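K.L.:
Next up is a structure, given as structure tokens.
Protein chains in written order, with the working numbering: chain G, 9 to 333; chain F, 9 to 333.
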């Protein structure tokens, strides 16, 4: 089967995906009977670029990025990305656009348009899943296409795929996670004696933290991820603002670090629980973890989630070297 | 779809499975269109018991165990379990028999017979997979049936299912794991000041350790599990005796515990690596883990494996409260 791809956004994630598809071309063809061809790429800087003859991942990598409408095999597409989604000859849309995670836009509109026009969608954007999971899932089902979003939480660590394929008929009573790398990297440096400002500066130098770290330190990134996990795994219908954010931010981190007892480790922890009435509640907080809690011993660059299940008790997945969260 | 089951062995695992199928009956029917009926059970103590009209998991649980050929709805089956596998009206065989993990028998013969007679097989026995994975996998494919063995390592933690469903086109360069609960439980008690003999006695009291703990402490259990992981995930063709067992056993544990430096934690660790020539080597050893290694902070009852992948870097799965390994 040949799958024609339209990529919305083509930054680090898209370029890394193209390299991986190129490296795995023989394996995908021989073991999975899958070939891939890029039909188009839309980015805010290049606009819509259409590849009428298709470009293999290897060809795309070899051509280098950015391309322009003057590059060989490339023609300009329509100015409106929604029109490009409709007209581009693609089977699947890779939704990798820059987005506002607090609104999920414009990615949610891109995904709606792609699903309605009968394209499968793979998105790395957590905003649309946090804000519109039920609607988008139903839209995919109604149009007979798939919606995949594994890389919205923990950089593609197979949480949703594992739950779907390998934990059938399983109820998730809750979860606990270290989901924001920036916060936990800064906290790990503070535990080594650095100030919160030094920790933030170091995180920015290694490329973990954004220029404005408040989105991470104040728990919004973790709230969006908690919403995705709760809505997908636990059937909840939360929005990021429903996640209780308790005692977060740089000043709270400073105070909590100073108040730690010997042996304790401070982490930004996400928790979700199904209450007695069936409702799901989620919160993000700074937790002083005792030495017996193995989450205390994960470095700041690792992310982790423990799923509380009724079939397999507690299952924890740890991502070895977390990308910036 | 209704799936008729023949269970070979019906001890703790089989009875727990029946309870779980009974509890999940509505979910499996409504969400997966699956119903299950037991057609027969063979155990060494009861012999072959055939249920001509089928027994639902709920009926089986309600009847209680053990059943006899005089129980309602039960008739005696043939004395030879291989003949029972051939003649029992079953779609899938649950292979849960007591076995010798060093030879994989009699479970391997049961599985061969079941696959050849066109039955799917689900086995909890690691011996057959460690000793005959390639043969059994090919036999299943040739007969158009499935062979599943998730519970051979880490009590059903979805390792093989996750790799198959969620890590396509992924190469596993190696793995590291804490796979034997008995050894690591005894080591955790030794770290608290108990002697190795006291640790073994405590492990036996809580039901973790066998009467003869040598199989666990000397690394054979871990070697069998390492073989399963290496052969299935890495395409190796090892046998348990190929796994290097280095400095194991009660006396080695005593000496290594006494020689630990401050902050170090002793664990029985499994490692497998693909060498430069492509061959896979595996070993089990006592490792003095530094405080920065989060494996050091897992309790003795947890099991864990870190998979070294080329697509997702390091992924670790931790089982919360390990059953006796």
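For every residue, glycine included, the Cβ atom is placed at its ideal position computed from N, Cα and C. Small disclaimer: the values here were computed from a predicted structure and weren't measured.
Could you give the first and the last residue of the continuous alpha helix (DSSP H) run that contains residue 192(F)?
P.N.:
For this step, residue 192(F) is matched to residue 184 along the second chain. Element bounds for residue 192(F): 189–199.
K.L.:
Beta strand (DSSP E) containing residue 305(G): first to last residue?
P.N.:
On the first chain, residue 305(G) is found 297 positions in, with the first residue counted as 1. Looking at the DSSP string, residue 305(G) is not in any beta strand (DSSP E), and its letter there is neither H nor E.
K.L.:
Look up residue 285(G) in the DSSP assignment and say whether it is helix, strand or coil.
P.N.:
Taking the first chain and counting its residues from 1, one reaches residue 285(G) at position 277. If DSSP states are grouped into helix, strand and coil, residue 285(G) belongs with coil.
K.L.:
Whole angstroms is fine: what's the gap from residue 118(G)'s alpha carbon to residue 81(G)'s?
P.N.:
Taking the first chain and counting its residues from 1, the one referred to as residue 118(G) is at position 110. Taking the first chain and counting its residues from 1, the one referred to as residue 81(G) is at position 73. Using only the alpha carbons, I get a separation of about 25 Å.
K.L.:
Can you list the residues of chain G that residue 44(F) reaches, using a CB-CB cut of under 8 Å?
P.N.:
On the second chain, residue 44(F) is found 36 positions in, with the first residue counted as 1. Per Cβ cutoff of 8 Å: no residues; residue 44(F) is ~11 Å from chain G at best.
K.L.:
Note down, in chain order, each residue of its chain lying with its Cβ closer than 6 Å to the Cβ of residue 252(G), except the 5 sequence neighbours on either side.
P.N.:
Here the question's residue 252(G) lines up with position 244 in the first chain. Same-chain partners within the cutoff: 291.
K.L.:
On the CB-based measure, 16 or more other CB atoms within 10 Å of its CB, does residue 9(F) come out buried or exposed?
P.N.:
Numbered from its first residue, the second chain carries residue 9(F) at position 1. Result: exposed.
K.L.:
So is residue 324(G) in contact with chain F if we call contact Cβ pairs under 7 Å?
P.N.:
What you label residue 324(G) is simply residue 316 of the first chain in a count that begins at 1. Any Cβ of chain F closer than 7 Å to the Cβ of residue 324(G) would place that residue at the interface, and such an atom is present.
K.L.:
Looking at the C-beta of residue 328(G), does it have a partner C-beta in chain F at a distance below 7 Å?
P.N.:
Residue 328(G) sits at position 320 when you count from the first residue of the first chain. So yes, residue 328(G) belongs to the interface.
K.L.:
Mind pulling the chain G residues with CB within less than 8 Å of residue 170(F)?
P.N.:
The sequence position of residue 170(F) within the second chain is 162, counting from 1. Ordered by position in chain G, the residues that pass the 8 Å Cβ test against residue 170(F) are 166, 169, 170, 173 and 174.
K.L.:
Flag residue 32(G) as yes if its beta-carbon sits less than 7 Å from any beta-carbon of chain F, otherwise no.
P.N.:
For this step, residue 32(G) is matched to residue 24 along the first chain. Output row for residue 32(G): interface = yes.
K.L.:
Can you tell me whether DSSP reads residue 331(F) as helix, strand or coil?
P.N.:
Your numbering for residue 331(F) matches position 323 in the second chain. Reliability of the predicted coordinates at residue 331(F) is poor, the pLDDT of 37 falling under 50, and the value obtained from them is presented with this limitation in mind. Looking at residue 331(F) - three-state DSSP - the assignment turns out to be coil, as it is neither helix nor strand.
K.L.:
Using a Cβ-Cβ cutoff of 9 Å, what residues of the segment 296–314 of chain F are near chain G? List them in chain order.
P.N.:
Within the segment 296–314 of chain F, the residues whose Cβ lies closer than 9 Å to some Cβ of chain G are 299, 300, 301, 302, 303, 304, 305, 306, 307, 310, 312 and 314, listed in chain order.
K.L.:
I want to see whether chain F comes within less than 7 Å of residue 244(G), judged by CB atoms only; does it?
P.N.:
Along the first chain, read from residue 1 onward, the residue named residue 244(G) stands at position 236. Cβ-Cβ to chain F under 7 Å: no for residue 244(G).
K.L.:
Which one or two residues does DSSP pair with residue 275(G) in a beta bridge?
P.N.:
Translated into positions along the first chain, residue 275(G) becomes position 267. DSSP lists 295(G) as partners of residue 275(G).
K.L.:
For a contact defined as C-beta to C-beta under 9 Å, what are the partners of residue 39(F) on chain G?
P.N.:
Counting from 1 along the second chain, the entry for residue 39(F) is found at position 31. Within chain G, the residues near residue 39(F) are 176 and 177.
K.L.:
Kindly indicate which residue of 282(F), 298(F), 193(F) and 186(F) has the alpha-carbon position closest to the one of residue 317(F).
P.N.:
Looking up residue 317(F) in the second chain gives position 309. Closest by alpha carbon: 282(F).
K.L.:
Could you check whether residue 34(G) and residue 64(G) sit closer than 7 Å to each other, using their CB atoms as the reference points?
P.N.:
Taking the first chain and counting its residues from 1, one reaches residue 64(G) at position 56. Taking the first chain and counting its residues from 1, one reaches residue 34(G) at position 26. Going by C-beta atoms, residue 64(G) is not nearer than 7 Å to residue 34(G).
K.L.:
Pick from 324(F), 18(F) and 313(F): whose alpha carbon is nearest that of residue 74(F)?
P.N.:
Here residue 74(F) is taken as the residue at index 66 of the second chain, counted from 1. If we check each option's Cα against that of residue 74(F), 18(F) comes out closest.
K.L.:
Compare the beta carbon distance of residue 127(F) and residue 100(F) with 7 Å and say whether it is the shorter of the two.
P.N.:
One-based indexing of the second chain puts residue 127(F) at position 119. One-based indexing of the second chain puts residue 100(F) at position 92. With contacts defined as CB atoms closer than 7 Å, residue 127(F) and residue 100(F) qualify as a contacting pair.
K.L.:
Does any C-beta atom of chain F lie closer than 7 Å to the C-beta of residue 321(G)?
P.N.:
Mapped onto the first chain, residue 321(G) falls at position 313. Chain F, which has a Cβ nearer than 7 Å to the Cβ of residue 321(G), makes this yes.
K.L.:
For residue 254(F), count the other beta carbons within 10 Å of its own beta carbon; 16 or more makes it buried, fewer makes it exposed. Which is it?
P.N.:
The residue you call residue 254(F) lines up with position 246 of the second chain. By the neighbour-count rule (16 or more Cβ atoms within 10 Å), residue 254(F) is not buried but exposed.
K.L.:
Between the Cα of residue 138(G) and the Cα atoms of 116(G), 262(G), 151(G) and 325(G), which residue gives the shortest distance?
P.N.:
In the first chain, the residue the question calls residue 138(G) occupies position 130. The candidate whose alpha carbon is nearest that of residue 138(G) is 116(G).
K.L.:
Could you check whether residue 295(F) and residue 313(F) sit closer than 7 Å to each other, using their CB atoms as the reference points?
P.N.:
Taking the second chain and counting its residues from 1, the one referred to as residue 313(F) is at position 305. Taking the second chain and counting its residues from 1, the one referred to as residue 295(F) is at position 287. No, the pair does not count as a contact, with Cβ atoms beyond the cut-off.
K.L.:
Does DSSP put residue 220(G) in a helix, a strand or coil?
P.N.:
Stepping through the first chain from its first residue, residue 220(G) is reached at position 212. Residue state, collapsed to three classes: coil.
K.L.:
I'd like the span of the beta strand (DSSP E) that includes residue 254(G), first residue to last.
P.N.:
Here residue 254(G) refers to the residue found at position 246 of the first chain. Unbroken beta strand (DSSP E) run through residue 254(G): 252–254.
K.L.:
CB of residue 242(F) to nearest heavy atom of the ligand SAH: below 6 Å?
P.N.:
Inclusion of the ligand SAH in the displayed structure is not the case, the ligand content being empty and no account of it being possible.
K.L.:
Since residue 279(G) and residue 184(G) are thought to touch, with beta carbons under 8 Å apart, how far apart are those beta carbons, to the nearest angstrom?
P.N.:
Counting from 1 along the first chain, the entry for residue 279(G) is found at position 271. Counting from 1 along the first chain, the entry for residue 184(G) is found at position 176. Right, the Cβ-Cβ distance comes to about 5 Å (below 8 Å), so this counts as a contact.
K.L.:
With 7 Å set as the bound, which would you pick, yes or no: does the beta-carbon of residue 35(G) sit closer than that to a beta-carbon of chain F?
P.N.:
Here residue 35(G) refers to the residue found at position 27 when the first chain is read from its first residue. Residue 35(G) counts as touching chain F.
K.L.:
From the DSSP output, which residues share a beta bridge with residue 10(F)?
P.N.:
Position 2 of the second chain, counted from the first residue, corresponds to residue 10(F). Paired residues: 43(F).
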